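A.B. asks: Taking mature numbering (1 follows the signal peptide of the UniProt record, and there is no 0), I'd label the letters of the sequence shown as residues -19 to -1, 1 to 472.
Take this structure, written in structure tokens, and hold onto it; I'll ask about it next.
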Amino acid sequence: MLPQLTFVLWFFICSFTRANKERISSSRKNICSGMYDKTDWGGKVDPFISFNLTSLSGDNNGVSVVIFEYQDLDHVGIKIDGDTKYICNDDAINQGLCNTTSKGNFLLTNSVFNSETGQNETAKYPILTYMVTDVGEVEQKYNVKKTGYYCVLTEAINGDYNGIVNYRNAFGELPASEINKMPLYGLLAVAYAVGMALYSFAVWKHKHELLLLQKYLLAFFVFLTIDTIFIWSFYDLRNRKGSTLGTNVFMLFVSVLSAGKVSCSCFFLLVITLGYGIVYPKLNRKLMRRIQAFTLFNFFVSAGFLIQDYMTSSDAVTMLPLITLIPSAFSLVAFYCMIIKSLGNTTQYLKEQRQMVKLNVYRELLAVILLSMFGVAGGMSVTTLMVVGMSTVELVKKYWRIRFIMDFWPSLIYYCVFVTLAFMLRPTDTSYMLACSQQLPTDPENVTDFDLDDLQSLGDDGFSSTAHDDDLNFSDDEHIPRNHNERNTSK
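Rendered as structure tokens:
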């Protein structure tokens, strides 16, 4: 009797591993992972599953191991008198359930009755079981001939043990659940590069008529392209080298870049909705410093969450991720609320000032944000329906094959939204008029906040080649018109 040995469905779902090599021990006795056969994904190596016993306590006689495909779960163990026996021990031998040559192995049931078909069925995949008594890698490997969701279960009568399970796919060291991400992120990097090239051409064509906001968007376009290339490089490196110190350090670097992408995206969207670069060339310094401080907070908590998510095993039952998840979620929700509120205030202000050109720009911005929200909601609904529509067995069998979709679709929506916003605000022959338009605010409180000279766009020769961007100097003081200074000087 092994009371610790329980085959419950949720445990196998939670035991899904993202790593190619996974640790197993007396406190973590089973692990499961998807595997592709060589025909589905080509490669130089025939896919296999191996077991390496790294440590064994002195009072332990050995470790029993069984490797099987999840559909054959009912074939592991033998039911007798309403109870299920799993290990071939002296008691099982006396009952005739196994012989002495199989002592220490898992018991297997050759034929299991299927209530759906009303017939007895044999195992659909090979099942391998053996007992390990010595520390080291077991020579006997489980050869994967068919794509499936394979589980490794271990048990010891007494004592502690530690081991490593190696799920080796034909294509390399990446887990089967993540191999699809490598070509997808490669294509996404190409898409970013194409978008960046088109946007750069527009910037070069109108290099004398640029807003500071458009320069920032170009810089962020470059950053996003590099970030996506690094993500693809991470999966490629991990597929070739496996989980090493170098790949883990590179993973931390990619996590920091991803956190920077999230924080900078929220920052840019917030300052745009506040009117920066379109309604006003400058924002109040105190307001800008507060936004920058909150952006830094979001960056650190997001980086912490992403790093912790990468480093935490997918089957670990712990509340530690909440330490970074809660503040990260809070900061994103706060950003969302501020963006929506600022967009509403700016739109209302432009409507009151009858600045219809700029109002139309912000209405288009609102439409893009709403479409992105519908896209996120639609993506979540589709992925949820994909999971809910499956039976429990289908979920375990197929979840690992569709998980990459759930991980990748937010990146695709982000790309579509950013490219739409960037090209909506791209440099054109008249785009600089958004900020230096003659359609100025009419209320006395805001008229002095708009200094046309800040953009150096009203000179007879256009933009000076030696001009500098005064927008970088966010000040609390109201700007004094230049003609006012000249009158004071003449006096």
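Cβ atoms here follow ideal geometry from the backbone N, Cα and C, with glycine treated the same way.
All figures in this text were calculated on a predicted structure; none of them were measured in a lab.
Should residue 491 and Y130 be called a contact, given that it needs their Cβ atoms to be closer than 8 Å?
C.D. replies: Because the chain is modelled from -19 through 472, residue 491 falls outside the range shown and cannot be assessed.
A.B. asks: Assuming N1 and S224 are in contact, meaning their beta carbons sit under 8 Å apart, how far apart are those beta carbons, in whole angstroms?
C.D. replies: Confirmed, about 7 Å.
A.B. asks: Within this structure, are the beta carbons of I210 and A170 separated by less than 8 Å?
C.D. replies: Closer than 8 Å, so yes.
A.B. asks: In three-state DSSP terms, what is Y106?
C.D. replies: Correct three-state label for Y106: coil.
A.B. asks: Taking all protein chains shown into account, decide if Q336 is buried (16 or more other Cβ within 10 angstroms of its Cβ) or exposed.
C.D. replies: Looking at its Cβ environment, which holds 16 or more other Cβ atoms inside 10 Å, Q336 is buried.
A.B. asks: Which of the three DSSP states, helix, strand or coil, is assigned to Q329?
C.D. replies: In the structure shown, Q329 sits in a helix (DSSP, three-state: H, G or I).
A.B. asks: What whole-angstrom Cβ distance do W381 and G15 have, given they're in contact under 8 Å?
C.D. replies: With a Cβ gap of about 3 Å, W381 and G15 count as contacting.
A.B. asks: Just how far apart, CA to CA, sit V368 and N80?
C.D. replies: Distance between the alpha carbons of V368 and N80: 43 Å.
A.B. asks: Give me the Cβ distance between L37 and G117, rounded to the nearest whole Å; I'm assuming they're in contact under 8 Å.
C.D. replies: Not really, about 10 Å apart at Cβ, beyond 8 Å.
A.B. asks: Closest by CA to G43, which one among L54, L168, I386, T135?
C.D. replies: Nearest option by C-alpha distance: T135.
A.B. asks: So, do the segment 195 to 202 and the segment 399 to 408 have three or more beta carbon pairs nearer to each other than 8 Å?
C.D. replies: Enough Cβ pairs lie closer than 8 Å, so yes.
A.B. asks: Between the segment 59 to 76 and the segment 147 to 161, do at least 3 Cβ pairs fall closer than 8 Å?
C.D. replies: With the cut-off at 8 Å, the segment 59 to 76 and the segment 147 to 161 do not touch.
A.B. asks: Let me make sure I understand the geometry here. Which of I12, D115, I350 has the alpha-carbon closest to that of I48?
C.D. replies: Measuring from the Cα of I48, the nearest candidate turns out to be I12.
A.B. asks: With a threshold of 16 other CB atoms inside 10 Å of the CB of D290, please say whether the residue is buried or exposed.
C.D. replies: It is exposed - the Cβ of D290 has fewer than 16 other Cβ atoms within 10 Å.
A.B. asks: Assuming contact is defined by CB atoms lying nearer than 8 Å, are L255 and S312 in contact in what I supplied?
C.D. replies: Contact flag unset, no.
A.B. asks: Quick check on E345: does DSSP put it in helix, strand or coil?
C.D. replies: Reduced to three states, the DSSP call for E345 is helix.
A.B. asks: Return the chain-ordered list of same chain residues with a C-beta closer than 8 Å to the C-beta of Q100, the five sequence neighbours on each side being excluded.
C.D. replies: These residues qualify, in order along the chain: F94.
A.B. asks: Once DSSP output is grouped into helix, strand and coil, what is the label at G6?
C.D. replies: The residue asked about is misnamed: residue 6 is Ser in this sequence, not Gly. Strand.
A.B. asks: So, at 8 Å on beta carbons, what are the nonlocal neighbours of T276 in its own chain, with the 5 sequence-adjacent residues on each side left out?
C.D. replies: The residues are S244, C245, C247, F248.
A.B. asks: Can you tell me whether S214 is helix, strand or coil according to DSSP?
C.D. replies: In the structure shown, S214 sits in a helix (DSSP, three-state: H, G or I).
A.B. asks: What does the Cβ neighbour count give for V398, buried or exposed, with the cut at 16 atoms within 10 Å?
C.D. replies: Counting Cβ neighbours within 10 Å, V398 comes out buried, since at least 16 surround it.
A.B. asks: Just the C-alpha distance for T114 and N143, rounded to the nearest angstrom, thanks.
C.D. replies: If I take the Cα positions, the gap works out to 12 Å.
A.B. asks: In the DSSP output, which residue or residues are listed as bridge partners for Q100?
C.D. replies: Answer is N95.
A.B. asks: Give, in chain order, every unbroken run of the alpha helix (DSSP H) that is at least 4 residues long and sits entirely within the segment 158 to 226.
C.D. replies: Runs found: 162 to 186, 193 to 222.
A.B. asks: Look up V44 in the DSSP assignment and say whether it is helix, strand or coil.
C.D. replies: V44: strand per DSSP, three-state reduction.
A.B. asks: Check the C-beta distance from W213 over to G167 and give it rounded, since I have them as a contact under 8 Å.
C.D. replies: At roughly 5 Å, the Cβ-Cβ gap stays under 8 Å, so W213 and G167 are in contact.
A.B. asks: The alpha helix (DSSP H) spanning D71 covers which residue range?
C.D. replies: Run containing D71: 71 to 75, per the alpha helix (DSSP H) assignment.
A.B. asks: Quick one, which of W185, V230, I253 has its alpha-carbon nearest I350's?
C.D. replies: I350 has its Cα closest to that of I253, out of W185, V230, I253.
A.B. asks: Just verifying my parser: in three-state terms, what is the DSSP assignment at D290?
C.D. replies: In this structure, D290 counts as helix in the three-state DSSP scheme.
A.B. asks: Compute the Euclidean distance between the alpha carbons of M269 and Y396, then round it to the nearest angstrom.
C.D. replies: If I take the Cα positions, the gap works out to 26 Å.
A.B. asks: Just the Cα atoms here: how many angstroms apart are P262 and E345?
C.D. replies: C-alpha separation (whole angstroms): 20 Å.
A.B. asks: Need the endpoints of the beta strand (DSSP E) that T20 sits in, please.
C.D. replies: No beta strand (DSSP E) contains T20, which DSSP labels as neither H nor E.
A.B. asks: Pick helix, strand or coil for V400, following the three-state DSSP scheme.
C.D. replies: Residue state, collapsed to three classes: helix.
A.B. asks: In chain order, what residues of the same chain have a beta carbon less than 8 Å from the beta carbon of T90, not counting five sequence neighbours either side?
C.D. replies: Excluding sequence neighbours, T90 sits near D55, H56, V57, G58, I59, K60.
A.B. asks: In whole angstroms, what separates the C-alpha of D141 from that of S7?
C.D. replies: C-alpha separation (whole angstroms): 5 Å.
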